[in-house]
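Asker: A single structure is presented below for examination.
4 protein chains.
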Amino acid sequence: MKQQTTVIGIIGAGRIGRLHAENNASFPNVRIKGISDLFADEIKEWALSIGIEKIVKDSEELLLDEEIEAIFVCSPTNTHAAIIKRAAKLGKHIFCEKPISFSIEETKEILEVVKKANVQFQVGFNRRFDRNFFKIQQMVKKGKIGSPHLLKITSRDPEPPPAEYVNKSGGLFFDMAIHDFDMARYLVNSEVVEVFATGANLIEPYIKEAGDIDTAITTLTFANGAIGVIDNSRKAVYGYDQRAEVFGEKGNLNCRNDQLTSVELSTSEGIRSDKLKNFFLERYKDAYIEEAKSFIECIQNGTPVLCNGYDGLKAEMIAEAAKQSYLQNRPVSIDQLNGNLLLL
Amino acid sequence: MKQQTTVIGIIGAGRIGRLHAENNASFPNVRIKGISDLFADEIKEWALSIGIEKIVKDSEELLLDEEIEAIFVCSPTNTHAAIIKRAAKLGKHIFCEKPISFSIEETKEILEVVKKANVQFQVGFNRRFDRNFFKIQQMVKKGKIGSPHLLKITSRDPEPPPAEYVNKSGGLFFDMAIHDFDMARYLVNSEVVEVFATGANLIEPYIKEAGDIDTAITTLTFANGAIGVIDNSRKAVYGYDQRAEVFGEKGNLNCRNDQLTSVELSTSEGIRSDKLKNFFLERYKDAYIEEAKSFIECIQNGTPVLCNGYDGLKAEMIAEAAKQSYLQNRPVSIDQLNGNLLLL
Amino acid sequence: MKQQTTVIGIIGAGRIGRLHAENNASFPNVRIKGISDLFADEIKEWALSIGIEKIVKDSEELLLDEEIEAIFVCSPTNTHAAIIKRAAKLGKHIFCEKPISFSIEETKEILEVVKKANVQFQVGFNRRFDRNFFKIQQMVKKGKIGSPHLLKITSRDPEPPPAEYVNKSGGLFFDMAIHDFDMARYLVNSEVVEVFATGANLIEPYIKEAGDIDTAITTLTFANGAIGVIDNSRKAVYGYDQRAEVFGEKGNLNCRNDQLTSVELSTSEGIRSDKLKNFFLERYKDAYIEEAKSFIECIQNGTPVLCNGYDGLKAEMIAEAAKQSYLQNRPVSIDQLNGNLLLL
Amino acid sequence: MKQQTTVIGIIGAGRIGRLHAENNASFPNVRIKGISDLFADEIKEWALSIGIEKIVKDSEELLLDEEIEAIFVCSPTNTHAAIIKRAAKLGKHIFCEKPISFSIEETKEILEVVKKANVQFQVGFNRRFDRNFFKIQQMVKKGKIGSPHLLKITSRDPEPPPAEYVNKSGGLFFDMAIHDFDMARYLVNSEVVEVFATGANLIEPYIKEAGDIDTAITTLTFANGAIGVIDNSRKAVYGYDQRAEVFGEKGNLNCRNDQLTSVELSTSEGIRSDKLKNFFLERYKDAYIEEAKSFIECIQNGTPVLCNGYDGLKAEMIAEAAKQSYLQNRPVSIDQLNGNLLLL
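Residue numbers (full-length UniProt numbering), protein chains in the order written: chain S, 1 to 344; chain D, 1 to 344; chain U, 1 to 344; chain Z, 1 to 344.
Right, dumping it as structure tokens:
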């Protein structure tokens, strides 16, 4: 049987854009026709070496290319809305890095346009494709622990982003915890209805100066009655700490962190082993591959993507509720968000 | 050098009273002179076999025995106040099972009497003497993780107590989570200043009918700026789940649960290992021994006990704040408790 | 129902004799009437504090005491033969520390006497009562891994014994690996038929000077076709390393070492945890209790002991084969031992 | 700086040839110009999809292609000698899958030719590039455990190869354990001087009928005084079991197996987790990438390969000694092999 090939374009060649490019380059069923970036000249040699023919500054050149069927949107968040709407209207399938936008209103608008255009739209919640979290979710769905009672997510970055990034990041809840809010819905298989968030500034003064926090504990209440908690820190000196646990009537599901190696050195001082994998590029290396593979398969088979625009919107709504809860020091229900949605 | 022997009496021969009796019986530096219980006849053979000579119904007989230097108070919580006050006035050192009482006012009164009597007073927060939690606390104190940022405690019982117990237990926060509230102060080495608690009824209807909850997530804010979270469940089918973790600027400290054995069976189905130890008597077997040893040593050496009345009071105050927070669905600061303290 | 009480005597109050005394003192169904030791005066205070009434120099006083039903033989190996024979003839049940003797001929003689006397005779292979090894053995017996193919035992002491001990120890195979030879038979549930041993002197010169080795790998062939290997070292600086693994047609069984605590400290340097438990008294603390409990139960119920004289003899025969194999650098079958059995 | 590109050809498109092709296709500094296979037609579509232009039946076409600088020899072992000699004479660098040949004499001849041609020659001992084993080796070299005393390798395949493969495999020692013999030299950093091997037929009758064994324990003595042991089985139903441990005067180094996920399901039945990764393609996925990357780097930088022809020869000599030891049931020294080297 002849294998189907999907022709794609990538918008943005920063860290995450290059990652998607290199992953797609290794898939036998994908051809990356073009990539666009403001600094097109600087990425030329790299892009050619992985077989991309069209290297341009203006994303419009990719959007207008009729051979290109799908677009990976890897440019800054403030460019997402315009690109997605344009791509949707031109009938391209869309993979969009998270968050869709910084405004729930704008995200809703985008989803409307995408819906009318009837194209595939996948949001980049890469952790859904991590082998461990995927397995936990599958086992919850299969009823291995009965009905879920408690969710626990630990999500700690190895080091805080620089001040300039923090300033335009949307804050800890929108930039970092948004992945955990998606993971919460995904693992418990139920919607979040209420949020209580406690935050602290314990790491870098410039984070406080930016009006942001660096440490947080967020309690979630789910529609199915379960309750959950997420703890976040911007600085875990031992590496990227990513754990999840779902506890239910018939048992508990949890997974370990990945260490650099599993080697143990036992001496008269005790037992020593490696730090955790450093950050998301290392830890979720395979998850990014599975995420892109899944998107391509859904395009080729016409099946629903595993992480759609609604998932993106919902995570943003939880982030907004968490932000308001933290600022007001009170529980905030997701319903209360209506009418007061602009974030920036 | 001649070894010192401390003569003790035990009030109450229920599960925990018998445990303390058997542990003390194995210490070369302790003589258990007497034990009192309403059902003195039924425990006679057992008590004789471990060398206790005086087996009585009325605790007063032990309290008036001049040879007895220290009393273990293992009777129901509602008898604590009278016994402790009487023992203190008679100059006996006191070991009291938790909680001291169900009323913060009453606990404060008791502590006043004990203070005036100038006797040793240790509260039975046995987990402080667990080798794992003790080590975490020591390492936090030594600065191994720098200043603490996040505390996480998981504390889940293997099965809920019967309805009759629930009814007079004081509720999940006072009966069960109180151990975790003490552990929180102990591990972070700072006072709790604010509490937010979310609860749920997911396990047994009779718990709800008793006006109690069976599942909870409690967020704590500490005086030193750290934040923490405790998750509780009355029913973990895989055994007694007891974990703690302290995260700070320089690292993370955590410990594993104890399984029945460390045997792994690897087959074509995967890898299987044992359930956790069943409940507190098994899991904290050694901790109970260390707890009693430490009390005896403090008496013999005149050094301060490692878990005193103030610790007992503080844990009760956090429990009260958690209860009010849950009932009112808002954060409650410990200071707000003043003036509104009676619980039952 | 009235509980049965067994009256025992202990011969030898060295490290292991005192251990058995303290353990038995805590059993409600045992009374230690007497203990004998050359240095009876020095142990008097200790013995009284755990309730032993008769503290004598001459073991004969215990053997002739008609109230004493069972004897724990904890004196040096070269005294075993005389004591056991005498005790058996006087109708006492016998618990004997390993090895029974240093001579297979002598051990055989002893077993004859014991058999004729029709008393219980248990050999002190304490590891059979370790919760982990016991569970592995049970699961092998239940067929959880089908027929066994491979056995692996790692057995490493934390530090070598002093020169004076080495000189009269019988050598690594008789003094140390003998426990592993018993464990091999126990876990595989089949007899050893051939042995090949490789040894080395890598640790302390005085061990070599004593004609002994400090490091060994011993390959075993079992009657059921399985093969196995034991690795021994006299010096594991990270603690007492005791592991076992049985691999078969349907799977693998293995267990972990016990660490002092399960606390992990994660820092920018990696993850650190505790050393292993230091040596046999710590690691097999519970196993020694179970071992003695089991012996007492077998006496009280008239059931066969779980580790009898034949087990002691067999382990000695494997040790002898290993020693000859090492000296001759060739495989030695257990059958070849006949006719050439004296060791010292 | 302009990146260097190495042009390679691959001989043989079986499982391992395709793996090397796909890995090299993803390297920005490698161009695969051609691949040869008897079934060239069948691999055409796959080869084109990863960008290989020249797909031929006869390896000679690749060898004569002047643009091709390096050859990956992935054809059956009996074709290695002719191809390697030809490639070497034509000045190509060579990567050769293990074993180099089935005859130590022939391997020696090949190494002579390669040496004269002065080309790079790397042997496919992929495990040297596994992150865990590599780390153990580095730490041994750095002296983290002082001088090595004991080596332990567990190496068990998930299922036996089919009868037709077994017949021409060279036997367990040459086909399977050869990787472990290389690992032994690599981890201990010393040559093997004597071998004792015990084997058994416990799995499939057709293995015995082929004159081969399916289970083995091999004891190794090293030039530096250390001793070691390898246990092999052709059938571990729980997955590909690959462990290594080096014990020395200052400590112990060991690593865990990789499971499919790290998810644990705790229920009233106990704790369950996943099987091990299935076989070498999954377990050593990253190691194969590192192996090829390292070969390309050595070519581009003119530095010595990390696993050369001498390493290939030495592993074969240990395999031969193991085979003879097993057949003769006696220890065989590597020196004894001189004069009696032909295996098939």
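In this text, a Cβ means the ideal position worked out from N, Cα and C, and glycines have one as well.
State the beta-bridge partners of D:H93 as determined by DSSP.
Answerer: D:A70
Asker: Please classify U:D258 as buried or exposed, where buried requires at least 16 other C-beta atoms within 10 Å of its C-beta.
Answerer: With 16 or more other Cβ atoms within 10 Å, it is buried.
Asker: Where does the unbroken beta strand (DSSP E) through Z:E264 begin, and where does it stop?
Answerer: E264 to T267
Asker: Would you say U:G199 lies against chain S (beta-carbon separation less than 8 Å)?
Answerer: Contact of U:G199 with chain S is not assigned, every C-beta pair being separated by 8 Å or more.
Asker: Determine whether the Cβ of U:D258 lies closer than 8 Å to any Cβ atom of chain S.
Answerer: It does not; no Cβ of chain S falls within 8 Å.
Asker: Straight-line CA distance for D:T107 to D:V332?
Answerer: Rounded to whole angstroms, D:T107 and D:V332 show a C-alpha spacing of 21 Å.
Asker: Note down the Cα distance separating Z:V30 from Z:E53, rounded to an integer number of angstroms.
Answerer: 14 Å
Asker: Chain S beta carbons: is any one of them nearer than 8 Å to that of D:F181?
Answerer: no
Asker: Which residues bound the alpha helix (DSSP H) around Z:V113?
Answerer: I104 to A117
Asker: Examine the Cβ distances between the segment 163 to 180 of chain D and the segment 211 to 218 of chain D and report whether three or more of them are shorter than 8 Å.
Answerer: yes
Asker: According to a CB-to-CB cut-off of less than 8 Å, which residues of the segment 9 to 22 of chain D neighbour chain B?
Answerer: No chain B is part of this structure, whose protein chains are labelled S, D, U and Z.
Asker: Could you check whether the Cβ of S:I43 sits closer than 8 Å to any Cβ belonging to chain D?
Answerer: no
Asker: Roughly how many angstroms separate the alpha carbons of Z:A82 and Z:E66, rounded to a whole number?
Answerer: Cα-Cα distance, rounded: 19 Å.
Asker: Would S:G9 and S:I71 be called neighbours here (beta carbons separated by less than 8 Å)?
Answerer: yes
Asker: With a threshold of 16 other CB atoms inside 10 Å of the CB of Z:P158, please say whether the residue is buried or exposed.
Answerer: buried
Asker: Is D:G146 helix, strand or coil when you go by DSSP?
Answerer: coil
Asker: Find the residues of chain S that neighbour Z:L265, judging by a C-beta separation of less than 8 Å, and give them in chain order.
Answerer: M139, K144, I145, G251, N252 and L253
Asker: I'd like to know whether the C-beta atoms of U:S294 and U:F129 end up nearer to each other than 8 Å.
Answerer: yes
Asker: Considering only C-alpha positions, which residue in the set S:R18, S:I35 and S:S266 is nearest to S:V7?
Answerer: S:I35
Asker: Have a look at U:L202, U:S190 and U:A197 and flag the residue whose alpha-carbon is nearest the alpha-carbon of U:G225.
Answerer: U:S190
Asker: Going by beta carbon distance, what residues of the same chain come within less than 6 Å of S:Y326, once the five residues before and after it are set aside?
Answerer: A197 and G199
Asker: Quick one, which of Z:R272, Z:K152, Z:I230 and Z:S59 has its alpha-carbon nearest Z:S75's?
Answerer: Z:S59
Asker: Span of the alpha helix (DSSP H) holding S:L132?
Answerer: At residue 132 of chain S the sequence reads Asn, which differs from the Leu that was named. Run containing S:N132: R131 to K141, per the alpha helix (DSSP H) assignment.
Asker: Under the assumption that D:G270 contacts Z:K275 (Cβ atoms under 8 Å), give the Cβ distance between them as a whole number of angstroms.
Answerer: 5 Å
Asker: Report the residue from U:L260, U:S268, U:G171 and U:K250 whose alpha carbon sits nearest the alpha carbon of D:E249.
Answerer: A check of alpha carbon separations from D:E249 across U:L260, U:S268, U:G171 and U:K250 identifies U:S268 as the nearest.
Asker: In this structure, what does DSSP give as the bridge partners for D:Q242?
Answerer: D:S155
Asker: Excluding the five sequence neighbours on either side, which residues of its own chain have a C-beta within less than 6 Å of the C-beta of D:A88, listed in chain order?
Answerer: V113, V114, A117 and V119
Asker: Which residue comes first and which comes last in the alpha helix (DSSP H) that contains U:I296?
Answerer: Unbroken alpha helix (DSSP H) run through U:I296: K285 to N301.
Asker: Please compile the residues from chain U whose C-beta is within a distance smaller than 7 Å of the C-beta of Z:D231.
Answerer: L150, K152 and V229
Asker: Could you name the residues of chain D that Z:D286 contacts, counting a contact when the two beta carbons are closer than 8 Å?
Answerer: The premise fails here: Z:D286 is roughly 22 Å from chain D at the closest Cβ pair, so nothing lies under 8 Å.
Asker: Distance check for Z:A210 and Z:N167, CA to CA, integer angstroms please.
Answerer: Cα atoms of Z:N167 and Z:A210: separation of roughly 6 Å, rounded to the nearest angstrom.
Asker: Quick check: the Cα distance between U:N340 and U:V195, rounded to an integer number of angstroms?
Answerer: For U:N340, the predicted model reports a pLDDT of 48, less than 50, meaning its position is unreliable; a value from the coordinates is still stated below. Spanning the two alpha carbons is a distance of roughly 16 Å.
Asker: Could you give the residue range of the beta strand (DSSP E) that holds S:V229?
Answerer: Per DSSP, the continuous beta strand (DSSP E) segment holding S:V229 begins and ends at I227 to S233.
Asker: Could you tell me which chain S residues have their CB closer than 7 Å to the CB of D:V237, listed as they occur along the chain?
Answerer: K250 and G251
Asker: Three or more beta-carbon pairs under 8 Å between the segment 241 to 248 of chain S and the segment 138 to 157 of chain S, yes or no?
Answerer: yes
Asker: Given Z:D182, which residues of its chain have a CB within under 7 Å of its CB, disregarding the five upstream and five downstream residues?
Answerer: Shown here for Z:D182: same chain residues with a beta carbon closer than 7 Å to its own, the five before and five after excluded, namely F125, D311 and A315 in chain order.
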